[in-house]
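Working notes for the structure below.
In mature numbering (1 follows the signal peptide of the UniProt record, and there is no 0), the protein residues as written are -19 to -1, 1 to 143.
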């Protein structure tokens, strides 16, 4: 009886060990500083280090500013595929986003990838920083509109009309 149980255990262990296994060339991609409107596409390489086909069922970004693309085809043992991740570089400022990758890897069916960086405007300075320095627009936005402000504006229009 012990030999039968040991044989079943070994068979189960071999079945688990001979599975599809997901691995990545990197789990974080640092864009560094990029200009607004620049190409926001980067690639993560996925490798199947197991001995059964690996299937990526879903790649889910943390927000709508990140768009993933991947092949639905199985990744054969020892082969690689790419996950293309696009970030909207029209959004200025620092970013740190995560992308969840779901696969049929029994030990790691959910993997997490990260992208990070800073999107700068064309001049190389963040738009938010320019507004807070000495912009008349920023100064005007910072002042609250009160009744006295409205009365002053009306008085100026009356003077200008005379």
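We treat Cβ as the ideally placed atom computed from N, Cα and C, and that holds for glycine. All values reported here derive from a predicted model rather than from experimental measurement.
So, with DSSP's three-state summary, where would you put residue 57? coil
Which residues share a DSSP beta bridge with residue 38? None, per the DSSP bridge assignment.
Mapping the DSSP letters down to three states, classify residue 67 as helix, strand or coil. strand
Please classify residue 112: does DSSP put it in a helix, a strand, or coil? The pLDDT assigned to residue 112 is 45, lower than 50, so where the model puts this residue is not dependable, and the model offers no usable value.
Does DSSP put residue 52 in a helix, a strand or coil? coil
Please determine if the segment 45 to 61 and the segment 8 to 20 are in contact, where contact requires at least 3 C-beta pairs separated by less than 8 angstroms. no
Which residue or residues does DSSP assign as beta-bridge partners of residue 95? 9, 79
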